[in-house]
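Down below is the structure, laid out as C-alpha cells.
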Amino acid sequence: MTDTVTLGDGCTIAYRFDGAAHAPVLVLGNSLGTDLGMWAPQIDAFAQTYRVLRYDTRGHGRSQASAGAYGIDRLGRDVVELTASLGIDRFHFCGLSLGGMVGQWLGIRESDRLDRLVLANTSGYMGPPSAWDARIAAVLAEGMAPLAEASIARWFTPGFAMRHPDTIEPIVKMLRSTDPTGYAGCCAAIRDMDMRRAAALIGVPTLVIGGSADPATPPDHAQALASAIPGATLEMLDAAHLSNIEQPDRFASLVLDFLARSSSRPPVARESAESAYDR
Ligand SMILES: O=C(O)CC1=CCC(=O)O1
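Note that the UniProt record's numbering gives residue 36 to position 36 of the sequence shown, counting from 1, and the numbers run on in steps of one.
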C-alpha cells in the first residue's frame, strides 16, 4: 500500500514498503518520467531479503510536484527526510538514472547512513544544459504526450520494445501521467548537476550498472563514473536505459549479489579520475 509523508518544505512524498519489517532496508529511487512502479520486476526478489522502501521522486507518481526548478541537493534531502521520518537509520540505496544521481549525492553527503550504493544507468554529468532547457520549455508548453516516442526509444532497445508491448505499456502510462511541472523541475536538477569530481568523495561500496545500448547515459558514462568512485565495481547489461526492465533477472541478481558481499569500505580519494564526459 502506498502511503505519504509531508516534508519540511510542505511537499508530500509517496512511498511504500515491501518485505519483512526487521530486514535490512533497501531504498529504491526511480528515473525521470517513471514512478515507484518501475521496480515491479525486482520487487519480489528484493523483498525476500530486504525491507524495500520505494518512493516516488518529487514531482512524479503520487508525490507532489512543487513549483520551480529542483536541484539534486533537494532530491537528496527528500530521501534524508523521508527515511528519517520513517525511523530508518541505515540503508542501502539503489537508483536508476535520476535515481542514481540522487544516489551519488547520498554517497557523498550521507555516507555514514549508507551501507551500499547501486548506481544504474546514470551519469555524473548529463550536459549540455541547453538540451534540458529545451526539454523543460517543451514539456511546460505541450505537456507529456509529445515526449513518449523519443523517451521509449531511449529507454528500450527496438527489439525489446517490439517483442514486449505489454511490458512497455505501463511504463508509457507512467510517463504520460507524470506532472509536467514535476518533470520539468527534475529536468532542471539534471541540467544543473555536475558530480564528475565530487564522485571521488563517495565513501561507500558502490556498484555501477551500465547498459551496452543505453543512448541516454551511454557506456562511457558508466565507465567514467565507476573509475571516479574509489573501489567501485562496474557491470554492463545488454540493455538500453531502463536496464532493470529489459534485463529484470540479471539486474536483480547483480544487485542482490553485490548487497550480500561482506562490506569493506573503500579509501576516499581526493582526486577524481579523468572523465569521458567531455569527449
Ligand atoms: O532522457 C531520458 O528520458 C533519460 C533520463 C535521463 C535522466 C533519467 O532519469 O532518465
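Note that CB positions come from ideal geometry on N, CA and C, so glycine has one too.
Cβ-Cβ distances below 7 Å link residue 41 to 244, 245 and 248 in the same chain, with the five nearest sequence neighbours on each side left out; the list follows chain order. Residue environment analysis places residue 38 among the buried positions, since at least 16 neighbouring C-beta atoms fall within 10 angstroms of its C-beta. Counting along the chain, residue 221 sits inside the alpha helix (DSSP H) bounded by residues 219 to 228. By a beta-carbon distance limit of 8 Å, residue 175 does not contact residue 208. Their separation comes to about 25 Å.
With a cutoff of 8 Å on beta-carbon distance, residue 119 and residue 225 are scored as near each other. The alpha-carbon of residue 158 is positioned some 18 Å away from that of residue 219. Relative to ligand 1, residue 241 has its C-beta within less than 7 Å of a heavy atom.
By the Cβ rule, the stretch 192 to 205 counts as touching the stretch 97 to 104, because three or more pairs are nearer than 8 Å. Here residue 189 is near residue 72, since their CB atoms are less than 8 Å apart. Using a cutoff of 7 Å, the CB of residue 190 counts as near ligand 1, since one of the ligand's heavy atoms is closer than that. Under a 10 Å Cβ-count criterion, residue 31 is classified as buried, with 16 or more other Cβ atoms of the shown protein chains found around its own Cβ. Every alpha helix (DSSP H) stretch that sits fully inside the stretch 177 to 224 and reaches 4 residues is listed by chain position as 180 to 191.
Secondary structure note for residue 83: its alpha helix (DSSP H) is the uninterrupted segment 72 to 85. If you check the C-beta of residue 174 against ligand 1, you find no heavy atom less than 7 Å away.
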